[in-house]
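K.L.:
Numbering of the sequence shown is given in the working numbering, commencing with residue 28 and proceeding in unit increments. All C-beta atoms, glycine included, are put in the ideal place defined by N, C-alpha and C. If you're wondering where the values come from, they're calculated on a predicted model, not measured in any experiment. Dropping the structure in here first, questions after.
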Amino acid sequence: MSYVTGPPDASTGLVVLYDIFGMAIQTLQGADLLATRLNSLVLVPDFFEGNYAQPEWFPTDTEEKKNAITSFVSNEASIPRNVDTLLEITKQYNTLFPSVSKWAALGLCWGGKVAVLASGPGTPFVATGQVHPGRTDKTDAEKLTIPHIVLASKDEPRGKSKAIPMSSAQMGSAATSKHTAPCGMAGWEPVPTLTVKKAMLNTDEDFFEKYLK
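Written out as C-alpha cells, the structure is:
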C-alpha cells in the first residue's frame with residue numbers, strides 16, 4: 028500500500044520514505060506540500076505494512092522496551108531488506124505510472140538511510156535526500172553516484188553529518204531543529220517547529236526541483 032498524492036499523469040515522481048513511526052499525518056502532509064510545489068507525483072510506501080514503532084517504547088529504559096525496538100529494527104525496519112524493497116517498488120511504480128520519466132527519493136531518519144543506500148551504481152533515481160539523518164556513515168557518501176541532500180538537525184553529530192557533502196545553506200535550514208522535528212513524533216505545532224519544518228521543506232523542494240526538471 029502507498030499513499031499517493033499529486034497529479035497521476037506527472038512527468039516526475041518522488042518517493043518519500045517515512046521514519047520508524049510510519050504513516051504519521053505530518054509525514055503525509057509533507058508529501059502533499061512537496062507534490063504541490065514540485066507538480067510531481069509523490070508516493071509514500073508503507074514499508075512496515077502498519078507495524079510501526081510505538082512512541083511508548085521511548086526512552087528505552089526497560090528490558091521490555093529494549094526488546095521491542097531491537098526486534099522491530101531487526102525485522103520490519105531491516106535496512107538491507109528495505110533497500111531491496113525500495114528498488115523493487117520503484118520498478119512497480121514505473122509500470123503503474125508510465126508518464127513519470129524521472130524519479131527521486133527523500134527519506135526521514137530511518138528512511139534517509141534506506142534512500143542513501145539506494146543511491147549508488149544502478150540507482151533508478153536522479154537525486155535523493157534525507158532529513159534528520161539516522162546512522163550516518165561516511166562510506167554512504169563514497170558510494171553515491173547521484174546528487175544527494177542531507178538536512179541535519181542540531182542533534183546529529185556534525186562530523187558525521189558532514190561526511191555526506193552539503194552546502195552551508197542546506198545545513199543551516201535544519202540546524203536549530205530537534206532530531207524529531209519533521210517526523211512521526213512531532214506535530215506541525217508549536218509555531219517555531221512549524222517554521223523549521225517549512226524551511227526544511229523549502230530547501231528540499233529547491234533541491235528536487237533542480238534535478239527533476
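With three or more beta-carbon pairs closer than 8 Å as the criterion, would you say the segment 172 to 179 touches the segment 74 to 92?
P.N.:
With a cut-off of 8 Å, the segment 74 to 92 and the segment 172 to 179 do not count as touching, because too few Cβ pairs lie within range.
K.L.:
Is DSSP giving residue 93 helix, strand or coil here?
P.N.:
In this structure, residue 93 counts as helix in the three-state DSSP scheme.
K.L.:
Return helix, strand or coil for residue 138, following the three-state DSSP convention.
P.N.:
Reduced to three states, the DSSP call for residue 138 is helix.
K.L.:
Output needed for residue 141: all residues of its chain with C-beta closer than 7 Å, excluding positions within five of it in sequence on either side, in chain order.
P.N.:
44, 106, 109, 110, 113 and 134.
K.L.:
Can you tell me the Cα-Cα spacing of residue 85 and residue 47, whole angstroms?
P.N.:
Whole-angstrom Cα-Cα distance: 12 Å.
K.L.:
Any idea if residue 98 is buried or exposed, counting beta-carbon neighbours within 10 angstroms, 16 or more meaning buried?
P.N.:
By the 10 Å Cβ count, residue 98 comes out exposed.
K.L.:
Measuring CA to CA, which of 74, 240, 42 and 75 is closest to residue 59?
P.N.:
Nearest of 74, 240, 42 and 75 to residue 59, Cα basis: 42.
K.L.:
For residue 155, list the residues DSSP reports as bridge partners.
P.N.:
Bridge partners of residue 155: 132 and 175.
K.L.:
Taking C-alpha atoms, which residue in 70, 168, 104 and 68 lies nearest to residue 148?
P.N.:
When only C-alpha atoms are compared, the closest one is 168.
K.L.:
Report all residues from its chain with a CB closer than 8 Å to the CB of residue 231; omit the five preceding and five following residues, and keep chain order.
P.N.:
61, 133, 156, 158, 176 and 178, listed in sequence order.
K.L.:
Using DSSP's beta-bridge definition, name the partner residues of residue 11.
P.N.:
Only positions 28 to 240 of the chain appear in the structure, and residue 11 is not among them; the question remains open.
K.L.:
Helix, strand or coil: how does DSSP classify residue 30 here?
P.N.:
Residue state, collapsed to three classes: strand.
K.L.:
In terms of residue numbering, what span does the alpha helix (DSSP H) encompassing residue 121 cover?
P.N.:
It spans 106 to 123 - the alpha helix (DSSP H) in which residue 121 sits, taken as one unbroken run.
K.L.:
By how many angstroms is the C-alpha of residue 138 removed from the C-alpha of residue 104?
P.N.:
Between residue 104 and residue 138, the C-alpha separation is close to 9 Å.
K.L.:
Give me the Cα-Cα distance between residue 118 and residue 124, rounded to the nearest whole angstrom.
P.N.:
Answer to the nearest angstrom: the Cα atoms are 10 Å apart.
K.L.:
Are the CB atoms of residue 238 and residue 145 nearer to each other than 9 Å?
P.N.:
Not in contact: residue 238 and residue 145 (Cβ atoms no closer than 9 Å).
K.L.:
Does the distance from the CB of residue 33 to the CB of residue 63 come in under 9 Å?
P.N.:
Result yes, Cβ atoms of residue 33 and residue 63 sit closer than 9 Å.
K.L.:
Rounded to a whole number of angstroms, what is the C-alpha to C-alpha distance between residue 50 and residue 240?
P.N.:
If I take the Cα positions, the gap works out to 28 Å.
K.L.:
Starting from the C-beta of residue 193, find all residues in its chain whose C-beta is less than 7 Å away, skip the five residues before and the five after it, and write them out in chain order.
P.N.:
The predicted position of residue 193 is uncertain, since its pLDDT is 44 and thus under 50; a value taken from the coordinates is nonetheless stated next. Counting only Cβ-Cβ distances below 7 Å, and skipping sequence neighbours, we find 176 and 177.
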